[in-house]
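Chemist:
In this note's numbering, the protein residues as written are 886 to 1280.
1) Could you spell out the range, first to last residue, of the beta strand (DSSP E) harbouring residue 992?
2) Starting from residue 972, follow the alpha helix (DSSP H) in both directions and report where the run begins and ends.
3) May I ask which residues mark the beginning and end of the alpha helix (DSSP H) holding residue 1273?
4) Could you check if residue 1072 is buried or exposed, using at least 16 other CB atoms within 10 Å of its CB as the buried criterion?
5) Which two residues bound the contiguous alpha helix (DSSP H) that contains residue 1183?
6) Answer with buried or exposed for residue 1218, where buried requires no fewer than 16 other C-beta atoms within 10 angstroms of its C-beta.
7) Can you give the Cα-Cα distance for residue 1038 and residue 1230, rounded to whole angstroms?
8) Could you tell me whether the region 1205-1219 touches the region 1231-1240, where touching means 3 or more Cβ pairs closer than 8 Å?
9) Name the residue from 892, 1202 and 1240 whose alpha carbon lies nearest to the alpha carbon of residue 1280.
10) Specify the secondary structure class of residue 1133 as computed by DSSP and reduced to three states.
11) Could you tell me which residues DSSP pairs with residue 1223 in its beta bridges?
12) Assign residue 1019 to one of three DSSP states: helix, strand, or coil.
13) Mark residue 1036 as exposed unless 16 or more other C-beta atoms lie within 10 angstroms of its C-beta, in which case mark it buried.
14) By Cβ distance below 7 Å, which residues in the same chain neighbour residue 1052 in space, the five residues on each side in sequence not counted?
15) Could you spell out where the alpha helix (DSSP H) holding residue 1107 opens and where it closes?
16) May I have the straight-line CA-CA distance separating residue 961 from residue 1160, to the nearest angstrom?
17) Excluding the 5 residues preceding and the 5 following residue 1158 in the sequence, name in chain order all residues of the same chain whose CB lies nearer than 8 Å to its CB.
18) How many Å lie between residue 1249 and residue 997 at the Cα?
19) Please confirm whether residue 1111 and residue 1088 have their CB atoms less than 8 Å apart.
20) My assumption, with CB atoms under 8 Å, is that residue 1164 sits in contact with residue 1177. Please give the rounded CB distance.
21) Give me, in chain order, the residues of the same chain whose beta-carbon lies closer than 7 Å to that of residue 980; leave out the 5 immediate sequence neighbours on both sides.
22) Distance, Cα to Cα, residue 1199 vs residue 1104?
23) Could you tell me if residue 1050 is buried or exposed, where buried requires 16 or more neighbouring beta carbons within 10 angstroms of its beta carbon?
24) For the region 986-995 against the region 1005-1015, do three or more pairs of beta-carbon atoms, one drawn from each stretch, fall closer than 8 Å, so that the two count as touching?
25) Taking Cβ to Cβ, would you say residue 899 is nearer than 8 Å to residue 1143?
26) Starting from residue 874, trace the beta strand (DSSP E) both ways and give me its first and last residue.
27) Kindly identify the DSSP beta-bridge partner or partners of residue 1157.
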């Protein structure tokens, strides 16, 4: 007897999750429902929908069959009750936070975040009267010092962007549960293949689906997974703000998800080999990768991750000048600001993801000018190592 969808393996869920059995002649690929509205045969059907007696597709800003398959597939991978998809990762983050917080509320967050998320917390939310208090990723126990009756949620990434610092999920979740806070966790770097935070007690998981979930540099998207009631609340805010994922984008996301487990398995293996190579390279000052035993939180990463991911960060002694020279010398690795793609990508955080942070904010996030963030793809590892070696040889 076939297992229930939530009990299937990750590769099987990537392929079949959210997709129902088909009759003879039905398409194997999920159709793109490229429509703005849906017709009703009779007025009584529309009236039943308005009364909440029956579900129906009415308008794509609210519901669409292609979007539905994408969100269901991601929810199954994250082992959540429900999900929804967005026009970008930042649309997913901003919509979720503004669904859960109101004027006068407070947020606890770690200092190490994607630059646009940090700016949203520090700048935009202040305009809405929402205050964010920060703790170091390695010191989440200090969150207790900042919790008050105004605190609504605890937000963090793990591993963090771009320095691959690890948050002890169990410790953070325990603090949140003791204080009746929501845990909102950005799982973009790890993916549900490497860790499933909802299983450990997190409430909401967020993704920039532009990255690993789609994986092919041809889509901007976001996703949120949680319990049904919370996702329903977030979906209502999504409908109001309008940051929906279009049907063709949802189709591209579904297509990318089909190979997620295979891609991440290869990226995990490649990143480990390259991190080990770079760790021994005389021109590299430091390698930040949680799979290395030298990583200060390797034991925590090992306890909460099934794989260590395809992201790594290196530091060079010569600062921005050397980092720029190495980037320009890459022959296989693309100079690009995204991540999670089939091809390897490299960027300098102070010029891309963390460009708008002040010197003091960069210091708090431990982001230095000599850092190169690398997203390892699925190329042959020997070829990537060769590209690193020849690029570093110019120093």
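Don't be surprised by glycine CBs; every beta carbon is placed ideally from N, CA and C.
Modeler: Let's see:
1) In the chain shown, residue 992 corresponds to position 107, counting from 1. That run of the beta strand (DSSP E) goes 991-995.
2) As a first step, residue 972 must be located in the chain shown, where it is residue number 87. Careful: residue 972 lies outside any alpha helix (DSSP H) and carries neither H nor E.
3) Locating residue 1273 in the chain shown gives position 388, where the first residue counts as 1. Residue 1273 -> alpha helix (DSSP H) spans 1266-1277.
4) For the purposes of this step, residue 1072 is identified with residue 187 of the chain shown, where counting begins at 1. When all chains shown are included, residue 1072 counts as buried.
5) Here residue 1183 is taken as the residue at index 298 of the chain shown, counted from 1. From DSSP, the alpha helix (DSSP H) with residue 1183 extends over 1183-1189.
6) Along the chain shown, one-based indexing puts residue 1218 at 333. The residue in question, residue 1218, is buried, as its Cβ has 16 or more Cβ neighbours within 10 Å.
7) Here residue 1038 refers to the residue found at position 153 when the chain shown is read from its first residue. Here residue 1230 refers to the residue found at position 345 when the chain shown is read from its first residue. Those two C-alpha atoms are separated by around 33 Å.
8) yes
9) Counting from one through the chain shown, the residue named residue 1280 turns up at place 395. The option with the nearest alpha carbon to residue 1280 is 1202.
10) The residue given as residue 1133 occupies position 248 in the chain shown. Helix.
11) The residue you call residue 1223 lines up with position 338 of the chain shown. Beta-bridge pairing links residue 1223 to no other residue.
12) Along the chain shown, read from residue 1 onward, the residue named residue 1019 stands at position 134. Residue 1019 falls in the strand class under three-state DSSP.
13) Mapped onto the chain shown, residue 1036 falls at position 151. Residue 1036 is buried by the Cβ-count criterion.
14) The residue you call residue 1052 lines up with position 167 of the chain shown. Cβ neighbours of residue 1052 beyond the five flanking positions: 995, 1022, 1025, 1041 and 1043.
15) Within the chain shown, residue 1107 is the residue found at index 222, counting from 1. Careful: residue 1107 lies outside any alpha helix (DSSP H), inside the beta strand (DSSP E) at 1107-1111.
16) As a position in the chain shown, residue 961 is number 76, starting the count at 1. As a position in the chain shown, residue 1160 is number 275, starting the count at 1. Cα to Cα, residue 961 sits roughly 31 Å from residue 1160.
17) Translated into the one-based positions of the chain shown, residue 1158 becomes position 273. So the list reads 1266 and 1270, once near-sequence residues are dropped.
18) Here residue 1249 corresponds to residue number 364 of the chain shown, with the count starting at 1. Here residue 997 corresponds to residue number 112 of the chain shown, with the count starting at 1. Those two C-alpha atoms are separated by around 8 Å.
19) The residue labelled residue 1111 in the question sits at position 226 within the chain shown. The residue labelled residue 1088 in the question sits at position 203 within the chain shown. Yes, Cβ-Cβ distance for residue 1111 and residue 1088 is below 8 Å.
20) Translated into the one-based positions of the chain shown, residue 1164 becomes position 279. Translated into the one-based positions of the chain shown, residue 1177 becomes position 292. So it is a contact: roughly 6 Å between Cβ atoms.
21) As a first step, residue 980 is located in the chain shown; it is residue number 95 there, counting from the start. Closer than 7 Å at Cβ, skipping near neighbours: 971, 1119, 1122, 1123, 1126 and 1128.
22) As a first step, residue 1199 is located in the chain shown; it is residue number 314 there, counting from the start. As a first step, residue 1104 is located in the chain shown; it is residue number 219 there, counting from the start. Answer to the nearest angstrom: the Cα atoms are 27 Å apart.
23) Your numbering for residue 1050 matches position 165 in the chain shown. Buried, by the Cβ-count rule.
24) yes
25) Here the question's residue 899 lines up with position 14 in the chain shown. Here the question's residue 1143 lines up with position 258 in the chain shown. Yes, these two residues count as a Cβ contact at 8 Å.
26) Past the edges of the chain, shown from 886 to 1280, lies residue 874, and the structure says nothing about it.
27) Within the chain shown, numbered from 1, the residue matching residue 1157 stands at position 272. Answer is none; residue 1157 lacks a bridge partner.
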